[in-house]
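Worksheet for the structure shown next.
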Amino acid sequence: MKLGKYSIGIGDRFARQGKAQLNAIIKAKELGVEITPVWNKSFREHQVVKSNPLSTRKEADDAVKLMNWQHSYFVDADHVGLKNIDFFIDCSDLFTLDVADFIGQKAETKDIQSFVEKYEKYAGNLKIPGIEEEFQISEKEIKQIAEKYLFAVQEAGKTFRHILTKKDKDTFVVEVSMDETVSPQTPVELLFILAAIAEQKIPVQTIAPKFTGRFNKGVDYVGDLEQFAKEFEQDVAIINFATKKFNLPENLKLSVHSGSDKFSIYRPIKNVLKKFNAGVHLKTAGTTWLEELIGLAEAGGNGLEIAKEIYIGAFSRYDELEKPYAAVIDIDSSKLPEPDEVKTWDGKTYADTLRHDQSHELYNSNFRQLLHVAYKVAAEMGETYLSALKKNEEIVAKNVTENIFERHLKLLFL
Ligand SMILES: [Zn+2]
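The numbering of the sequence shown is the working numbering, which starts it at 18 and goes up by one.
Next comes the structure, spelled out in structure tokens:
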């Protein structure tokens, strides 16, 4: 089973927008670019919404059937490890093995030693095709990288082999992620991480490193654009090199997590993809649910009331909602509108404040980020929320499709 050159992870917290999401991908296909849709939902999201992976599977299958999508698609068990893999195993055909928690734990000395012995031939000046500058790598550095990452990759190997006890190896795709950690991985680290993955015989098709800069949920990239572009290019070159040297799947590509709305890096990414004829997986951060709120607000009436109620609820539960996401959001709470003010808003004001159009005078990234993590409030509303979505299906779907197509696919892939 092979993941296509271009793919997008379309997280959908409430599993109601499968058709509208797929519609954006169909629009791209009509313009000549095939992008593989991947419905991803993490263990945390399932817990908060009290859903299970069967609903994600059903959403994807139903959308594909109803929209007559004839190409491949996947259901991603997002950020899983041995402790929660069984929850996903039957319904998923893409597994994002998350090893971030194990970075820094040391593997057994003999494992580190044999890894270093095998790969010390890369010490010295290393020229990677496609990039000008040479990497200077010392044996000591290889050992340090092994000490930092080998154990984590061994954990991914364990999870992978656990999947193999239940599923045939040709029936699923593997991604390895290490993005949810503090410090970015350098291109040189990535090289040896890939070597370690090959040692574990994990047929990795996408890898999600932590890149330089901040990838806050649902808002634009914050960081040094030039540095990012350079690192991204080096990572792609390293992947090409490692694929050949370590006999990894030839379609191995980078995965950009929390990739939605990182508008300012789409151009640099696109340039690198073009230069190397490389693919990419863009995993969005579940911002589809914000489009649901925008749609409800625009619908007015009861839809707008629900959208306001969710914000007011989120405002009063700031600490609780912010906490699990503290590392990946940056809210200036002094810039959050007061509930009493929001109560007076019309639908357009709400939508314009939330929609990710940075050129709009009303756009407020603090408002947006708080709502991004506030899906728990909507989940607690249960049927009230879900039936409002159903009632206003058309206007919600319009926003969902437009967001993915106009603000994401168009900029990155077309
Ligand atoms: Zn991630």
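Glycine included, every Cβ here is placed at the ideal spot set by N, Cα and C.
- Linking F119 to E358 through their CA atoms gives a straight-line distance of about 45 Å.
- The DSSP assignment places 141-143, 152-154 as complete runs of the beta strand (DSSP E) inside the segment 126-165, in order along the chain (cut-off: 3 residues).
- The segment 372-390 makes contact with the segment 324-331: 3 or more CB pairs, one atom from each, lie closer than 8 Å.
- Judged by beta-carbon spacing, L111 lies within the 7 Å limit of F91, meaning their Cβ atoms are closer than that value.
- Residue pairing by DSSP places Y392 opposite no residue, since no beta bridge is assigned to it.
- Annotation: the segment 194-261 contains the following complete segments of the beta strand (DSSP E) (minimum length 3 residues), in chain order: 221-225.
- Where G303 is concerned, there is no enclosing alpha helix (DSSP H), because DSSP gives it neither an H nor an E.
- In chain order, M18, S109, D110, L111, F112, I180 place their CB closer than 8 Å to the CB of F189, counting only its own chain and leaving out the 5 sequence neighbours on each side.
- Between I42 and K22, the alpha-carbon positions lie close to 14 Å from each other.
- G147 has its alpha-carbon roughly 8 Å from the corresponding atom of F293.
- The segment 87-106 and the segment 148-168 do not touch, with fewer than three beta-carbon pairs separated by less than 8 Å.
- Of V133, K100, T223, T366, the smallest CA-CA separation from D93 is found for T223.
- Between G312 and K270, the C-beta spacing is not below 7 Å.
- Counting other Cβ atoms within 10 Å of its Cβ, R284 stays below 16 and is therefore classed as exposed.
- In this chain, the alpha helix (DSSP H) harbouring I102 covers 102-105.
- For D115, there is no enclosing alpha helix (DSSP H); the enclosing beta strand (DSSP E) covers residues 111-115.
- Under the DSSP definition of a beta bridge, I25 partners with P54, L299.
- The count of Cβ pairs closer than 8 Å, one atom from the segment 344-357 and one from the segment 406-425, stays below three, leaving the stretches out of contact.
- The C-alpha of A37 is placed about 22 Å away from the C-alpha of N319.
- Under DSSP, K270 forms a beta bridge with T223.
- C-alpha of A396 to C-alpha of V65: approximately 7 Å in a straight line.
- Counting only residues of its own chain and dropping the five nearest sequence neighbours on each side, N416 has a CB closer than 7 Å to the CB of E308, I311, G312.
- Annotation for D196 indicates a beta carbon within 6 Å of some heavy atom of ligand 1.
- If you look at F293, you'll find it in the alpha helix (DSSP H) that goes 280-293.
- Residue side-chain check: H274 places its Cβ nearer than 6 Å to a non-hydrogen atom of ligand 1.
- Looking at L403, F249, D237, I210, the one whose alpha-carbon comes closest to that of S281 is D237.
- When DSSP states are grouped into helix, strand and coil, S68 belongs to the coil group.
- In the three-state reduction of the DSSP assignment, F263 falls in the coil class, being assigned neither a helical nor a strand state.
- DSSP places H377 in the coil class of the three-state scheme, outside both helix and strand.
- In this chain, the beta strand (DSSP E) harbouring D93 covers 91-97.
- Taking all protein chains shown into account, D369 has 16 or more neighbouring C-beta atoms within 10 Å of its C-beta and is therefore buried.
- Here E192 is bridged, per DSSP, to T113, T223.
- Judged by DSSP secondary structure, E322 falls within the alpha helix (DSSP H) whose first and last residues are 318-333.
- A check of alpha carbon separations from R178 across V221, A212, K165 identifies V221 as the nearest.
- Below 8 Å, too few C-beta pairs join the segment 73-90 and the segment 159-175 to call them touching: fewer than three.
- Straight-line measurement puts the Cα of L207 at about 13 Å from the Cα of S200.
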